[in-house]
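This report concerns only the one structure given below.
Here it is in structure tokens:
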């Protein structure tokens, strides 16, 4: 019987990415909305891992399926790793990313190339029906560009410049991005961990 895995997100872009990375696995992947689950989750952890575990546990209380939850964000070294775990809430929950990206570029105005180092971090937590919780983490290193560029991706992708590709994360195709992204790496590791516990 196909395993159902619920991913604790309502983000359509994220679900599309997750489905592509989990392609070929014999599982049914549902978002919280698709599973009919509503949960008001307070993410008050001090790290990406803690927040992912909080989300996974909260949703797991409402179902007996496997629950995956991620917490991800952008760390900019020059800004003391801001926006970090507050990436989604930076400048306010409903602020468009164009505004967030423009604000970060403004704060880095005049900062030389070598000091614009940044990374995307993604932690994924799994809450198993038997109560086991485990996490995986993925990173991708890059720099903050000097302008907003690219139509693909979402969030901070248009300002995240990848020197080895000479473009931003939002200028990569979905396939290219999934192969190297922080979420792609964390999900690939999670897929391996799940494979040790269930038939995939």
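Residue numbers (our numbering): 122 to 321.
Here a beta-carbon is modelled for each residue, glycine too, at the ideal position from N, C-alpha and C.
Consult DSSP for residue i and reduce its assignment to one of helix, strand or coil.
i: residue 287; result: coil
i: residue 275; result: coil
i: residue 159; result: coil
i: residue 282; result: strand
i: residue 239; result: strand
i: residue 313; result: helix
i: residue 140; result: helix
i: residue 264; result: strand
i: residue 228; result: helix
i: residue 211; result: coil
i: residue 308; result: helix
i: residue 182; result: coil
i: residue 269; result: coil
i: residue 219; result: helix
i: residue 146; result: coil
i: residue 167; result: coil
Residue i bridges to which residues according to DSSP?
i: residue 128; result: 152 and 189
i: residue 204; result: 196
i: residue 256; result: 246
For residue i, is the classification buried or exposed, using 16 other Cβ atoms within 10 angstroms of its Cβ as the cut-off for buried?
i: residue 122; result: exposed
i: residue 272; result: exposed
i: residue 201; result: exposed
i: residue 156; result: buried
i: residue 185; result: exposed
i: residue 207; result: exposed
i: residue 242; result: buried
i: residue 154; result: exposed
i: residue 256; result: buried
i: residue 341; result: No information on residue 341 is available, as it lies outside the stretch 122 to 321 that the chain covers here.
i: residue 160; result: exposed
i: residue 292; result: buried
For residue i and residue j, what's the separation of their Cα atoms in angstroms?
i: residue 234; j: residue 193; result: 24 Å
i: residue 174; j: residue 280; result: 28 Å
i: residue 315; j: residue 231; result: 45 Å
i: residue 240; j: residue 262; result: 4 Å
i: residue 203; j: residue 297; result: 26 Å
i: residue 128; j: residue 227; result: 35 Å
i: residue 87; j: residue 198; result: With the chain represented from 122 up to 321, any question about residue 87 goes unanswered, as that position is not in the structure.
i: residue 210; j: residue 135; result: 17 Å
i: residue 250; j: residue 312; result: 17 Å
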